[in-house]
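Step one of this worksheet: look at the structure below.
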Amino acid sequence: MPIYDYRCEKCGKVFEISHGFDEKGPNTCRADDCDGKMHRIFSPPTIIFKGSGWHVNDYGRGNGKSSPSAAKDKAENAVEAAD
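When we follow the working numbering, the leftmost residue of the sequence shown carries the number 39, and every step to the right adds one.
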């Protein structure tokens with residue numbers, strides 16, 4: 039289950055609370071002697087890319103230039119479309 043951060047409006051304490059996607063978070067503060075309203079804090083996810091270079095390994099190979107046969111196919115398709 040995911041962990042969400044909630045902050046109390048009244049006391050300012052932050053709590054990490056685990057609950058499902060469809061479940062609602064707490065409405066009131068869990069601190070002693072506090073009944074403040076809780077709000078979920080949005081934070082970016084942590085993403086760590088490890089390895090020899092995902093940008094090198096996972097992208098298409100090639101030097102970015104069209105091959106002669108690809109250029110010929112494009113020209114033939116353009117002629118057929120014009121007909």
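Quick reminder that beta carbons are idealized off the backbone N, C-alpha and C, glycines included.
If you're wondering where the values come from, they're calculated on a predicted model, not measured in any experiment.
Query	Result
Spatial distance of residue 48 from residue 64 (CA atoms)	14 Å
Through-space distance from residue 59 to residue 84, alpha-carbon basis	18 Å
Assigned secondary structure, residue 84 (DSSP; H/G/I helix, E/B strand, else coil)	coil
Residue of 41, 61, 62 minimising C-alpha distance to residue 123	A question about residue 123 goes unanswered here, because the residues of the chain that appear run from 39 up to 121.
Among 69, 43, 67, the one whose alpha carbon lies nearest that of residue 141	Because the chain in this structure spans residues 39 to 121, residue 141 falls outside the shown range and cannot be described.
Own chain partners of residue 79 with C-beta closer than 6 Å, once the 5 adjacent residues on each side are dropped	43, 45
Bridge partners - residue 77, DSSP secondary structure assignment	45
C-alpha distance - residue 87 paired with residue 51, whole-angstrom precision	32 Å
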